[in-house]
Amino acid sequence: MLGKYMKHEFKETGKLMIPLNLVILVFTLLGMVMLGSRLLSTPAMALIGIASLTLYILTLFAIFIVVYVYFTVRFYKTMYQSQGYLTHTLPLSTGSIVNTKVFVSLFWVTVTVVFTTLSIIALVYTAMGQEWGKMAVDSDISFLKELLFSFLLPCFSLTILGCLEQLLMIYASLAIGQLFRQYRVLASIGTFFVFYIALQILGTLTMFFTQFFSMDRLFHISENISGDSFIPFYRQLFSVSTIEVIVFCIVFYILCYWLTDKKLNLE
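Numbering (the numbering used here), first residue to last: 18 to 284.
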């Protein structure tokens with residue numbers, strides 16, 4: 018039954034998520050054609066290029082907003098509104114239902130992040146042309162490897178973890194909001210902002226007490242911009258940030274699961 022339910026979730030969510038990612042693909046191909054054909058070499062076409070770039074950036078922001086709003090509304094409707102009666106009568110445990118919702122939403126968010134990342138790389142590569150290859154040849158191979166494995170990949174992993182944290186924070190907020198008899202949506206929104214502010218405060222305190230942003234450290238890095246100072250600093254920063262995000266993910270997941278399992282209050 019779990020497999021059928023997960024298949025159903027992928028099918029329903031894919032109706033929106035596949036077209037959204039196709040939009041990114043179309044914009045990327047159009048951008049590569051414009052950049053590769055040198056259509057933007059004249060001043061007039063350069064203005065069109067700036068307008069296209071602005072539209073591209075706004076489109077990416079809009080897509081991510083739509084993605085998060087969609088999964089927020091879908092989770093609320095299928096878990097805590099009238100559709101929740103059907104969801105919670107399925108022969109599945111609360112944990113299985115919540116896990117499926119989280120997994121499917123994280124999967125599609127990850128796909129969107131990957132599409133966006135590849136889109137940006139493709140456009141930058143097309144715009145730079147042969148300069149990209151020259152930069153790679155002139156750069157130190159060992160530094161490039163260190164940059165990839167110690168900075169870029171951890172940055173991508175932390176981005177995905179951050180997306181999971183955001184999703185779980187939203188779902189935990191909805192789980193708290195459904196406890197109210199009235200103004201459940203407002204209660205959920207209020208809870209989300211409380212969580213968000215708390216995360217910002219705790220994140221700032223964590224950075225302060227680990228001395229990552231002490232003046233001495235900043236001056237040292239700014240005066241010695243190199244792989245020897247840049248990479249180790251961000252490796253430590255990513256380690257602390259990753260632990261922090263994982264802890265918050267666990268807290269939000271437990272809140273969402275426990276409130277849904279023990280304090281379910283359907284409309």
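The beta carbon of each residue, even a glycine, is placed where N, CA and C say it ideally should be. Since the structure is predicted, the reported quantities are computational estimates derived from the model, not experimental observations.
1) Could you say which of T143, N282, Y270 lies nearest to G53 if we only look at CA atoms?
2) Where do the ends of the alpha helix (DSSP H) carrying L109 lie?
3) Is DSSP giving F197 helix, strand or coil here?
4) Please go through the same chain and pick out, in chain order, the residues whose beta-carbon is closer than 8 Å to the beta-carbon of L175, but skip the five residues on each side of it.
5) What do you get for V202, buried or exposed, if any count of 16 or more other CB atoms within 10 angstroms of its CB means buried?
6) So for L181, helix, strand or coil by DSSP?
7) How is E26 classed by DSSP in three states: helix, strand or coil?
8) Within the chosen definition, does the region 22-33 reach the region 118-125 through at least 3 CB pairs nearer than 8 Å?
9) Would C273 pass as a contact of A204 if the rule is Cβ separation under 9 Å?
10) What is the C-beta distance between L109 and M18, in whole angstroms, given that I count them as a contact (C-beta under 8 Å)?
11) Contact defined as beta carbons within less than 8 Å: I believe S190 pairs with F212. What is the distance between those atoms, to the nearest angstrom?
12) Using 9 Å as the threshold, is the C-beta distance between T208 and G220 below it?
13) By a C-beta neighbour count over all protein chains shown, 10 Å radius and 16 as the cutoff for buried, is G112 buried or exposed?
14) Go ahead and label V115 buried or exposed: buried means 16 or more other beta carbons lie within 10 angstroms of its beta carbon, across all protein chains shown.
15) Among the candidates L216, V83, F265, whose CA atom is the shortest distance from the CA of L181?
Let's see:
1) What you label residue 53 is simply residue 36 of the sequence shown in a count that begins at 1. Checked all of T143, N282, Y270; the closest Cα to G53 is T143.
2) As a working note, residue 109 is residue 92 in the sequence shown. Element bounds for L109: n/a, residue is neither H nor E.
3) Indexing the sequence shown from 1 puts residue 197 at position 180. Coil, per DSSP.
4) The residue you call residue 175 lines up with position 158 of the sequence shown. Answer for L175: F255, S258, T259, V262, listed in chain order.
5) Taking the sequence shown and counting its residues from 1, one reaches residue 202 at position 185. Flag for V202 reads exposed.
6) One-based indexing of the sequence shown puts residue 181 at position 164. Looking at L181 - three-state DSSP - the assignment turns out to be helix.
7) The residue labelled residue 26 in the question sits at position 9 within the sequence shown. Here E26 sits in helix by DSSP.
8) Flag = yes, the region 22-33 and the region 118-125 touch.
9) Along the sequence shown, read from residue 1 onward, the residue named residue 273 stands at position 256. Along the sequence shown, read from residue 1 onward, the residue named residue 204 stands at position 187. Cβ distance not < 9 Å, so C273 and A204 don't count as in contact.
10) The residue labelled residue 109 in the question sits at position 92 within the sequence shown. The residue labelled residue 18 in the question sits at position 1 within the sequence shown. 6 Å between Cβ atoms; contact.
11) By 1-based counting over the sequence shown, the position of residue 190 is 173. By 1-based counting over the sequence shown, the position of residue 212 is 195. Confirmed, Cβ separation roughly 6 Å.
12) Looking up residue 208 in the sequence shown gives position 191. Looking up residue 220 in the sequence shown gives position 203. Pairing T208 with G220 gives a Cβ-Cβ distance that is not under 9 Å.
13) As a working mapping, residue 112 is identified with position 95 in the sequence shown. That one is exposed.
14) By 1-based counting over the sequence shown, the position of residue 115 is 98. So V115 ends up on the buried side.
15) The residue labelled residue 181 in the question sits at position 164 within the sequence shown. When only C-alpha atoms are compared, the closest one is F265.
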